[in-house]
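Colleague:
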Amino acid sequence: MRRELEPWLIGRTVRSVELLAPPGPKYRDLHRAPGQRIEGVGRRGKFLILPLSGGDELIVHLGMTGVISQCPPPGAGGKHLRVVMRLDGDHLSTLYFQDIRRFGRFLIVPAGEYGELPTLAALGPEPLDDALTAARFYAALGRSSVAIKPYLLSQRPVAGVGNIYADEALWTARIHPLTPAREVSRKKASVLLQALRDVLSASIAAQGTTFDDYRTVRGEAGSFARRLNVYGRGGDACLRCGRQLSKTVIGGRGTVFCPRCQRLSRAVVRRAKAL
DNA sequence: CGCATTTCCTGGTAGC
DNA sequence: TGCTACCAGGAAATGC
Numbered sequence: 007m008r009r010e011l012e013p014w015l016i017g018r019t020v021r022s023v024e025l026l027a028p029p030g031p032k033y034r035d036l037h038r039a040p041g042q043r044i045e046g047v048g049r050r051g052k053f054l055i056l057p058l059s060g061g062d063e064l065i066v067h068l069g070m071t072g073v074i075s076q077c078p079p080p081g082a083g084g085k086h087l088r089v090v091m092r093l094d095g096d097h098l099s100t101l102y103f104q105d106i107r108r109f110g111r112f113l114i115v116p117a118g119e120y121g122e123l124p125t126l127a128a129l130g131p132e133p134l135d136d137a138l139t140a141a142r143f144y145a146a147l148g149r150s151s152v153a154i155k156p157y158l159l160s161q162r163p164v165a166g167v168g169n170i171y172a173d174e175a176l177w178t179a180r181i182h183p184l185t186p187a188r189e190v191s192r193k194k195a196s197v198l199l200q201a202l203r204d205v206l207s208a209s210i211a212a213q214g215t216t217f218d219d220y221r222t223v224r225g226e227a228g229s230f231a232r233r234l235n236v237y238g239r240g241g242d243a244c245l246r247c248g249r250q251l252s253k254t255v256i257g258g259r260g261t262v263f264c265p266r267c268q269r270l271s272r273a274v275v276r277r278a279k280a281l
């Protein structure tokens, strides 16, 4: 999405912002935008960060059902329209933000002031950045006793990993989602980091994973859902070993994994039983 | 502080 | 057909 937005928005000046959602912490201070020029389109994890010429930043998070589009939603879709941002220029000069379940965010903050966004403030390194080495990733995992799956979702060891890609990468790396993060071996941590990079890169190339609502700026569905190995396949056969995939809840999130390919180590099982 | 649980929100769907 | 109950999950808030 960032790659789509950059050539469209960069250098444009915001003319007006219309807020159609009830104002609150998720939609705030948009009145500051008009008159400011969009200086860039950045991203950290799942947050879009657009620096503005007046020293502010426009922060956008899609939540799960957020959609940014160049054209107004057709027909009944308009009832979930939350923000209409008008820009200078006479071609594709309006940005529409829809958000069915209102888990998204669309707000303005002074640049770098993320006190209202603690996850962004404490975000881990970018998964595709070379600065994140296998050694650093392994060290980050060593700092937590939380199960690896919810730890990945916390955005702390690495930024931008959501439920779908966590399940996919853990399957690829053959790691049980309940494995305590600090019990993941150096070798497995390295394999997991590579699996995360591979699945994220492939999904970006496929323009994302569209299950229901996700759309590109041009309104197209992403095609990566067809290439998922585990997410959405609970009860089906594991594509590696044929065993029926398990569907459970871990950390309050639906989790699919292969009980044969992704085993807990005997040491972990023994300790869990002792408790 | 760390960690687990609950909350927000609404469309879709299962079950009756 | 129409009703209720429940599920999906990012991040933040709350509880312990």
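So that you can map any letter, position 12 of the first sequence is 18 in my numbering, and since no number is skipped, the others follow by simple counting. Using N, Cα and C, we set each Cβ at its ideal position, and we do this for glycine too. What you are looking at is a predicted structure, and each value in this text was computed from that prediction instead of being measured.
Provide the residue(s) that pair with I65 in DSSP beta bridges, ordered along the chain.
Modeller: Answer is I55, L113.
Colleague: Name the two residues that bound the continuous alpha helix (DSSP H) containing I210.
Modeller: Per DSSP, I210 belongs to the alpha helix (DSSP H) from 192-211.
Colleague: Going by DSSP in three states, F143 sits in which element: helix, strand or coil?
Modeller: The answer is helix: DSSP assigns F143 an H, G or I state.
Colleague: Whose C-beta lies closer than 6 Å to the C-beta of V275 among residues of the same chain, with five residues either side of it excluded?
Modeller: Answer for V275: no residue qualifies.
Colleague: Going by the DSSP bridge assignment, what does A243 pair with across the sheet?
Modeller: Its beta-bridge partners are Q250.
Colleague: Among R224, V20, L198, E24, which has the Cα closest to the Cα of D94?
Modeller: For D94, the nearest C-alpha among the options comes from V20.
Colleague: Take E63 and list the residues in its own chain whose beta-carbon comes closer than 6 Å to its own, dropping the five residues that flank it on each side.
Modeller: Cβ neighbours of E63 beyond the five flanking positions: I55, P57, V115, A117.
Colleague: Buried or exposed for P31, going by 16 or more other Cβ atoms inside 10 Å?
Modeller: Classification for P31: exposed.
Colleague: What residue from F53, I106, H182, Q76 has the CA that sits closest to D96's CA?
Modeller: Measuring from the Cα of D96, the nearest candidate turns out to be Q76.
Colleague: Please return the same chain residues whose Cβ sits closer than 7 Å to the Cβ of A201, not counting the five positions on each side in sequence.
Modeller: The answer, listed in chain order, is A175, T178, A179.
Colleague: With T125 as the anchor, note down where its alpha helix (DSSP H) starts and where it stops.
Modeller: Element bounds for T125: 124-127.
Colleague: Using 8 Å as the Cβ pair cut-off and three pairs as the minimum, do the region 215-227 and the region 179-196 touch?
Modeller: As far as the Cβ criterion goes, the region 215-227 does not touch the region 179-196, which means the pair count is below three.
Colleague: Considering only residues of the same chain and omitting the five flanking positions on each side of G51, which have a CB-CB separation below 6 Å?
Modeller: Cβ neighbours of G51 beyond the five flanking positions: L129, Q161, A165, G166.
Colleague: Among R92, I44, D135, whose alpha-carbon lies nearest the alpha-carbon of S207?
Modeller: Of R92, I44, D135, the residue nearest in Cα terms is D135.
Colleague: Could you give the first and the last residue of the continuous alpha helix (DSSP H) run that contains E24?
Modeller: Taken as a continuous stretch (DSSP letters only), E24 belongs to no alpha helix (DSSP H), being part of the beta strand (DSSP E) at 20-25.
Colleague: From the DSSP output, read off the bridge partner residues of I256.
Modeller: In DSSP, I256 forms a bridge with R259.
Colleague: Rank G69, D105, M91 by C-alpha distance to the C-alpha of G84 and give the top, closest one.
Modeller: Residue D105 is the option with its Cα nearest to G84.
Colleague: Here's the rule: buried if 16 or more other CB atoms are within 10 angstroms of the residue's CB, otherwise exposed. What is S151?
Modeller: With fewer than 16 Cβ atoms within 10 Å of its Cβ, S151 is classed as exposed.
Colleague: Report yes if the CB atom of Y102 is closer than 8 Å to the CB atom of L87, and no otherwise.
Modeller: In contact: Y102 and L87 (Cβ atoms closer than 8 Å).
Colleague: What is the rounded straight-line gap between the Cα of G148 and the Cα of R192?
Modeller: One C-alpha to the other measures close to 10 Å.
Colleague: Roughly how many angstroms separate the alpha carbons of Y237 and G60, rounded to a whole number?
Modeller: Near 42 Å, if we compare the C-alpha coordinates of G60 and Y237.
Colleague: Answer with buried or exposed for T254, where buried requires no fewer than 16 other C-beta atoms within 10 angstroms of its C-beta.
Modeller: Exposed, because fewer than 16 other Cβ atoms sit within 10 Å of the Cβ of T254.
Colleague: Tell me which residue opens and which closes the alpha helix (DSSP H) that I170 is part of.
Modeller: Residues 169-178.
Colleague: Taking the alpha-carbon positions, what's the P163 to G41 distance?
Modeller: The straight-line gap from Cα to Cα measures roughly 38 Å.
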